[in-house]
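Heads up, the thing below is written out as structure tokens.
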Amino acid sequence: MHAPVLVLKDSLKRESGAKVHRANIQASKAVADIIRTTLGPRSMLKMLLDAAGGIVVTNDGNAILRELDLAHPAAKSMIELSRTQDEEVGDGTTSVIILAGELLHVAEAFIDKHYHPTVICRAYTKALEDSIAVLDKIAIPIDVNNRASMLGLVKSCIGTKFTSQFGNLIADLAIDATTTVGVDLGQGLREVDIKKYIKVEKIPGGQLEDSRVLRGVMFNKDVVAPGKMRRRILNPRIILLDCPLEYKKGENQTNAELVREEDWAILLKMEEEYIENICVQILKFKPDLVITEKGLSDLACHYLSKAGVSAIRRLRKTDNNRIARACGAVVVNRPDELQESDVGTGAGLFEVKKIGDEFFTFIVDCKDPKACSVLLRGASKDLLNEVERNLQDAMSVARNILKNPKLLPGGGATELTVSASLKQKSSSIEGVEKWPYEAAAVAFEAIPRTLAQNCGVNVIRTMTALQGKHASEENAWVGIDGNTGAIVDMREQQVRVPIWPPSSQTCFLPFPSLYLDSFNVKAQTFKTAIEAACMILRIDDIVSGIKKKQAPGAGPAPSKPKIEEEGDADGEQILPD
Amino acid sequence: MDFTVPVPNVLGERLSGQDVRDQNVMACQAVANIVKSSLGPAGLDKMLIDDIGDVTITNDGATVLKMLDVEHPAAKILVGLSQLQDREVGDGTTSVVIVAGELLKRANDLVKSRMHPTLVISGFRLAMREACRFIKEKLAIEIDKLGRECLINCAKTSIASKMIGSESDFFAKLVTEAVLAVKTMSAEGVVRYPIKSINILKFHGESVKDSYLLDGYALNIGRSAQGMPTRVAPARIACLHFNLQRTKMQMGIQVSVTDPRALKKICQREADITKERIGKLLEAGANVVLTSKGIDDMSLKYFVEAGVIALRRVPKDDLRHVSKATAATMVSTFANMEGEETFDSSFLGYADEVVETSIAGCDVVLLKGTKNTNAVSLILRGANDFMLEEMERSLRDALHTVKSTLESNLVVAGGGAVEAALSMHLERLATSLESREQLAVAEFAESLMIIPKVLAVNAAKDATDLVSALRSCYHPTQVGADEQHLSSMGLDLSRGVVRNSFEAGVIEPAINKVKIMQFATEAAITILRIDDMIKLVGDRQEYEEE
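Going down the list, the protein sequences come from chains A and B. So for the first sequence, the UniProt record's numbering puts the first residue at 1; every next one is plus one. So for the second sequence, the UniProt record's numbering puts the first residue at 1; every next one is plus one.
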């Protein structure tokens, strides 16, 4: 008698062997195919409809993938890649997916030929190492202290992102903002915290040209009592609080049982006295401006306005921190513990301005602002959102360059150079790894190929011409002009169009329509793509449906546990040695 | 007159004799087969997806089996076995399951040919004891002779089979450095390597090769207020276990007052109690305060003023490690026996330096030069979270390996070398036995060869060919004058030849192999002894109603 043996729960689905390889590769390729058309300046937009009927129209790789609800686990891990890329360098989110998809695509042929996945992985890792070495070789260092060169670089790095009519402006804003909040760590290192200390404020109306980086902070608030409080103060003394200026009840639950009528009056009086007391303590320091994160009662408002002090309430914590950094104040919690050193005196001007229908507070002209706001103006909310996204990209580019001041050619030129030199090297590689290594080299061509596809030129002709050029090493900077599809040499263009005075020694300035990429972005793209491809290739078994809460033993028992034969687990893979 | 044989009234299914053994063995083999393909440098990974859709990608036998919902009771023993191996030595979790599965299969065949299970069991015991003795006496080599290079090789062998295998050189160095950095000498002069004080932090982005070792214990939280200094040296650390907020009564306690002025006093007092506590901390000389609970804005101010780094909501595990490393006492209340609140400066821990730095856009607080044990942190980078998780598991295995190498001081050759040597040795032993246990010992010897076999199969090599080549190396006629040299012949899986594993740097701690033998045999014996399985019906009441 053979009773059925149930080892795993029958809710578990298990797949293994070459089937898994193929399924994983298919899924990853599918993801890459979705966003393939959004690469480059001639990219198309995607319209995504969500369940609630909302529409998202975008060409940002990360944004598209974020919206997709994919079931396949390998596809999910692809999506993670673009998120990683976005968080780490803020650029190249589409390229990383396309590259990873292509690497898996070329690996499929080897899996079909019964190559062992670990062999492919080894070859890919080697290709990664060599490609980073190539990047190092063709990168040009730049001088980050030279503003003109920085400007040109940031601009060309983000050249694909928006129309050129306001290209210069965004780059200006980005550089201003990042240099303002940059902190020297010594040894030539600079730390730029975009997230914490740069705030982008969008105000519809006006022209885009009115946008600027403030030497200080602004926020969407008005003084508590308009009319009674001053709206413009020169060299204000600022006190920042994060406690309420109203009667504060204790944390403990308290009941007051009043038996005499007078007690009621005392109770009310006490509350008033409490507020008066706080205000007196604050006023001792002769502030011109009091800002609190919490509430501010009418009574406190009365005392403050009587003393000629302007007050702003319910400010966000992050805004308060930024003000503290901009004007040198310290955020205080208990007014009775105020000190002279807590008062901020660094700001040159406090002003409340009415823009459109709303009042905005500006604390500007700071002596040494370590935080700033970027004020964006524009015709519509949508336009501003677009500009803000671009500005974020521009700032991360600026930060990347500050961190690692090296540049690479864009327009597929880098990938072609890497591809060409890997191909050359592949002939010197021993053993079976040679073929996957060469395939990895070919996979890098996916980027220029997709660029050519997207701008509608003859792909085969363009690619052949490009490959021909890259056969010799001095043409490392030849790539595709993503707008026209023409083959251009980035270097020639730069020499021909000198825009700024030749003050920068280490770098010549690129032509605005050319594409450069920061070293960090490219290196990160290669690293992420190859490592992820290796990870997916190494999977030979998928078990799904773990820990479903089902009644044990429910349902018909499957006949026997599937015992895989050795042949199933890649037994017969004879390598073409 | 005929008797009716009373059948014991069992509520449920009952299975006995050969049937149950067949079933158990089959189940165990199924488990072994699941993890088989992840063994060795050419082993591949498994992707596990739970019902929410969360993905785990792993190569670690223990993790795979833990995640799988194994249902069969005998198979569960194997799952427990791999967990045990994980806890005891940290590595070799896949091998132990495979060996146990193979032992069971062969034992079952013996039993089928009418050999009593107890006989098989005693044979296995004998073989196991002899195997352990042989490893310790003949195969193992002392590490002192081999030096630091040997540690790196041990780590490399452990890492080679994982996802980060292609960077094994890099990570082996990292792991070895980390373990050596936390070396501590206890009061009795015993050297220990507390790998718990190696903190592993994961940040996605960059490449796996950009992972690095950081001196000091890293806490993955920023300081609580921007106004605090980013660096304090030397640091005196207080580890607290309570809130530093306005004092609040326990839930449901109401204070009733008749005098309205008392209200104000209550409020004042609430703030002051905490203020006094903070005052006591500062008085004791603390300049770094860690608490597992919250600190409110009011209290933060005092710390900012005093130039103290305060961290709130520190995970409990981290706090425990910190208190251990810095010799700080975790304080859950200030109250002393007299009912007063005190904080003694002896509760403070000590570190040379506490700094806040930023890693991959996250603020991290580092404690450097801690007093008791030196703490280090491994910062891992990688393409995505799945990868980082798997890297952490792999590195933990490698850390364990290096640690057990250092502590046991004995290493053996890897790549199937030990198994082949043992197999041949036990075979010779078997022929010298007169009793029927001979058969069991011979089968034990045979089943050890499963490891080189699976290694070869996973690498897509001709297993039969390679394994016979390997075995021939250990034949008595070969092992003659130059015994040492041959006792470390193992498989080279990338080229598919037999080579000297020691020279190639493929080595493992001896304790690892010994434990594999012991655990696998014990588990096999446990399962083998079963000859009756009764599955009780869950609810007796329900059964009777029917």
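The beta carbon of each residue, even a glycine, is placed where N, CA and C say it ideally should be.
Just the Cα atoms here: how many angstroms apart are residue i and residue j?
| i | j | result |
| --- | --- | --- |
| residue 229 of chain A | residue 381 of chain A | 31 angstroms |
| residue 394 of chain B | residue 158 of chain B | 8 angstroms |
| residue 28 of chain A | residue 22 of chain A | 10 angstroms |
| residue 534 of chain B | residue 32 of chain B | 24 angstroms |
| residue 242 of chain A | residue 271 of chain B | 15 angstroms |
| residue 326 of chain B | residue 501 of chain B | 42 angstroms |
| residue 498 of chain B | residue 466 of chain B | 7 angstroms |
| residue 405 of chain B | residue 403 of chain A | 41 angstroms |
| residue 15 of chain B | residue 17 of chain A | 34 angstroms |
| residue 463 of chain A | residue 8 of chain A | 52 angstroms |
| residue 124 of chain B | residue 18 of chain B | 19 angstroms |
Just to confirm, are residue i and residue j a CB contact at a threshold of 8 angstroms?
| i | j | result |
| --- | --- | --- |
| residue 346 of chain A | residue 326 of chain A | yes |
| residue 250 of chain A | residue 273 of chain B | no |
| residue 445 of chain B | residue 434 of chain B | no |
| residue 296 of chain A | residue 311 of chain A | yes |
| residue 28 of chain B | residue 140 of chain B | no |
| residue 343 of chain B | residue 280 of chain B | yes |
| residue 282 of chain A | residue 236 of chain A | no |
| residue 319 of chain A | residue 219 of chain A | yes |
| residue 180 of chain A | residue 245 of chain A | no |
| residue 47 of chain A | residue 55 of chain A | yes |
| residue 203 of chain B | residue 359 of chain B | yes |
| residue 135 of chain A | residue 407 of chain A | no |
| residue 471 of chain A | residue 487 of chain A | no |
| residue 93 of chain A | residue 77 of chain A | no |
| residue 264 of chain B | residue 274 of chain A | yes |
Here's the rule: buried if 16 or more other CB atoms are within 10 angstroms of the residue's CB, otherwise exposed. What is residue i?
| i | result |
| --- | --- |
| residue 511 of chain A | Its pLDDT being 40, under 50, residue 511 of chain A is placed unreliably by the model, and nothing is read from it. |
| residue 264 of chain A | exposed |
| residue 520 of chain A | buried |
| residue 72 of chain B | buried |
| residue 212 of chain B | exposed |
| residue 453 of chain B | buried |
| residue 133 of chain B | exposed |
| residue 268 of chain B | exposed |
| residue 536 of chain B | exposed |
| residue 354 of chain B | buried |
Give the secondary structure of residue i by DSSP, where H, G and I count as helix, E and B as strand, and everything else as coil.
| i | result |
| --- | --- |
| residue 344 of chain B | coil |
| residue 36 of chain A | helix |
| residue 189 of chain B | coil |
| residue 450 of chain B | helix |
| residue 235 of chain B | strand |
| residue 458 of chain A | coil |
| residue 458 of chain B | helix |
| residue 369 of chain B | strand |
| residue 449 of chain A | helix |
| residue 363 of chain A | strand |
| residue 50 of chain A | coil |
| residue 552 of chain A | Legend: pLDDT at residue 552 of chain A = 40, less than 50; position of this residue unreliable, no value from coordinates given. |
| residue 124 of chain A | helix |
| residue 79 of chain A | helix |
| residue 335 of chain B | strand |
Taking residue i as the reference, give the member of the options with the closest Cα.
| i | options | result |
| --- | --- | --- |
| residue 539 of chain A | A/405, A/71, A/15 and A/39 | A/15 |
| residue 66 of chain B | B/370, B/55, B/82 and B/43 | B/82 |
| residue 441 of chain B | B/129, B/36 and B/43 | B/129 |
| residue 176 of chain A | A/145, A/204, A/202 and A/48 | A/145 |
| residue 283 of chain B | B/152, B/293, B/303 and B/507 | B/303 |
| residue 89 of chain B | B/437, B/489, B/401 and B/143 | B/401 |
| residue 384 of chain B | A/525, A/305 and A/416 | A/525 |
| residue 504 of chain B | B/513, B/510 and B/494 | B/494 |
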